[in-house]
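Novice: Basically the working numbering = 1-based index in the sequence shown + 117.
No residue lacks a Cβ here, since even glycine has one placed at the ideal position from N, Cα and C.
As the structure is a computational prediction, the values presented were derived from the model and not from experiment.
The structure's right below; bear with me while I get my questions together.
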Amino acid sequence: MQVFQLCAVAVITAVCAIILKSQKSDLVPLVITAGGILLILCAFDYMSESIAFIKQFSEQTNLDKSVIRIIFKVIGVGYLIELTAGSIKDLGCESVADKLVLCGKIIIFIMSVPILQSLFGVIVKLIQLA
Numbered sequence: 118m119q120v121f122q123l124c125a126v127a128v129i130t131a132v133c134a135i136i137l138k139s140q141k142s143d144l145v146p147l148v149i150t151a152g153g154i155l156l157i158l159c160a161f162d163y164m165s166e167s168i169a170f171i172k173q174f175s176e177q178t179n180l181d182k183s184v185i186r187i188i189f190k191v192i193g194v195g196y197l198i199e200l201t202a203g204s205i206k207d208l209g210c211e212s213v214a215d216k217l218v219l220c221g222k223i224i225i226f227i228m229s230v231p232i233l234q235s236l237f238g239v240i241v242k243l244i245q246l247a
């Protein structure tokens with residue numbers, strides 16, 4: 118049912134933006150931004166089930182909580198960068214959006230270095246056992 122809710126909000130936002138484009142074009146970015154915020158708020162309920170599953174999985178497997186925290190941060194940065202870049206593209210500044218995406222990729226790589234270090238440590242321990 119939440120998929121229909123998301124689609125309805127998106128369609129209503131698009132129709133409002135199209136109607137306002139001919140009447141008051143300066144309000145279109147505000148309508149699109151408000152619609153995007155509503156979509157994100159609707160999606161948060163949907164994501165809570167997945168987050169609960171990941172927490173339960175990490176507790177059962179004794180996964181380090183810092184790794185899970187880093188994974189959530191990386192996902193959050195990715196979504197935030199993608200949302201912001203999409204909004205900037207809608208405003209007509211594609212070159213700025215592309216540079217933002219590049220910076221986001223760099224940030225995600227830097228944030229994931231501790232996971233790579235942890236993985237390297239596990240591999241070294243496995244090699245020493247053999």
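When you compare the CB positions of Leu137 and Val145, do they come within less than 8 Å of one another, or not?
Specialist: For the purposes of this step, residue 137 is taken as the residue at position 20 of the sequence shown. For the purposes of this step, residue 145 is taken as the residue at position 28 of the sequence shown. Contact flag set, yes.
Novice: Take Asp181 and list the residues in its own chain whose beta-carbon comes closer than 8 Å to its own, dropping the five residues that flank it on each side.
Specialist: The residue given as residue 181 occupies position 64 in the sequence shown. Cβ neighbours of Asp181 beyond the five flanking positions: Ser235.
Novice: Assuming Val194 contacts Ile227 (C-beta within less than 8 Å), just tell me the rounded distance between them.
Specialist: For the purposes of this step, residue 194 is identified with residue 77 of the sequence shown, where counting begins at 1. For the purposes of this step, residue 227 is identified with residue 110 of the sequence shown, where counting begins at 1. No, Val194 and Ile227 are not in contact; Cβ-Cβ is about 10 Å, not under 8 Å.
Novice: Can you confirm whether Gln140, when its beta carbon is compared against all beta carbons of chain D, has any partner nearer than 8 Å?
Specialist: As a matter of chain content, chain D is missing from the structure shown, which is built from one protein chain.
Novice: With DSSP as the reference, label Lys172 as helix, strand or coil.
Specialist: In the sequence shown, counting from the first residue as 1, residue 172 sits at position 55. Residue state, collapsed to three classes: helix.
Novice: Give me the Cα-Cα distance between Ile135 and Val218, rounded to the nearest whole angstrom.
Specialist: Looking up residue 135 in the sequence shown gives position 18. Looking up residue 218 in the sequence shown gives position 101. Whole-angstrom Cα-Cα distance: 27 Å.
Novice: In three-state terms, what does DSSP make of Cys210?
Specialist: As a working mapping, residue 210 is identified with position 93 in the sequence shown. Coil.
Novice: Compute the Euclidean distance between the alpha carbons of Ser183 and Val241, then round it to the nearest angstrom.
Specialist: On the sequence shown, residue 183 is found 66 positions in, with the first residue counted as 1. On the sequence shown, residue 241 is found 124 positions in, with the first residue counted as 1. One C-alpha to the other measures close to 20 Å.
Novice: Specify the secondary structure class of Thr130 as computed by DSSP and reduced to three states.
Specialist: Position 13 of the sequence shown, counted from the start, is the residue given in the question as residue 130. Note: Thr130 maps to helix in three-state DSSP.
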